[in-house]
Amino acid sequence: MAKDLYESRQMVQSPLVLFLIMPIIGVLILLAVDFTVKTWTKVKLENDTKEILTMMLDNDILKTEEDYKKYAVKRFSERGYETDDVSIILADDGIILINYKTYFSMLGTVIGRGKKLADARYIGNTLEDGTLKIEKYIEEETE
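Just so we're aligned, residue 80 is where the sequence shown starts under this note's numbering, counting upward by one.
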C-alpha cells in the first residue's frame, strides 16, 4: 500500500521551475513596493499641502507673497520636507501652492534612474461667505 501512495504522487525532480518563478516573483515584489511608496508619498504630500494652504488662508497676518512663502517654508520644514522647491503664486483666483518631494524607487535604482519626483499643486481662496475653497490646480496651456 505504501508503494501505491508514492507512485500516485507527481513530484518535481529538478529545481528548474523554482529558478524560473523566483525572478518573476522578485519583479512583482519590486513593482508592488514601488507602487506603494509612490502612492503613500503622493497622498502624504497632497494632504500636507492642503493643510498648509488652509493654515495660510486662515492666517490674517500674511499679506505679501514673501510672507506667504516664509510661512509655507517654515511649516513644510517642520514636517520634514526639503523647502528648496516650495512655490507660491498670488493669482487673481487665490493662492497657488506648489511643492515637490523626491522619493526612493527600487525599480528606478535597479534600472539606473534613481529617485522619482512627486508633486502637489493646489489653489485656494476665501469665498464671500468666509468658507475656504481648496482644489487641485491644473495649469492651462496657452497656445
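Cβ atoms here follow ideal geometry from the backbone N, Cα and C, with glycine treated the same way.
Within the DSSP secondary-structure output, K212 pairs in a beta bridge with N204. Inclusion of K121 and A170 in the CB contact set at 8 Å is not warranted, their separation being larger than that value. In this structure, K129 and I213 form a Cβ contact; the two beta carbons are roughly 6 Å apart against a cut-off of 8 Å. Beta-carbon to beta-carbon, L176 and L132 are separated by about 5 Å, close enough to satisfy the 8 Å threshold. Non-local C-beta neighbours of V189 in its own chain, meaning closer than 8 Å and more than five positions away in sequence, comprise L109, ordered along the chain. Rounded to whole angstroms, the separation of the alpha carbons of T205 and D139 is 11 Å. For N138, the three-state secondary structure derived from DSSP is coil. D137 is classed as exposed because its beta carbon has fewer than 16 other beta carbons within 10 Å across all chains shown. A direct Cα-Cα distance of roughly 7 Å separates A199 from Y179. Burial is judged here by how many other beta carbons sit within 10 angstroms of a residue's own beta carbon; S166 has fewer than 16 and is exposed. Shown here, D171 sits in coil according to DSSP, grouped into three states, outside any helix or strand. Relative to D146, the option among D164, M135 and S156 whose CA is nearest is M135. DSSP places I217 outside both helix and strand once states are collapsed to three, so it counts as coil.
C-alpha of L99 to C-alpha of L124: approximately 39 Å in a straight line.
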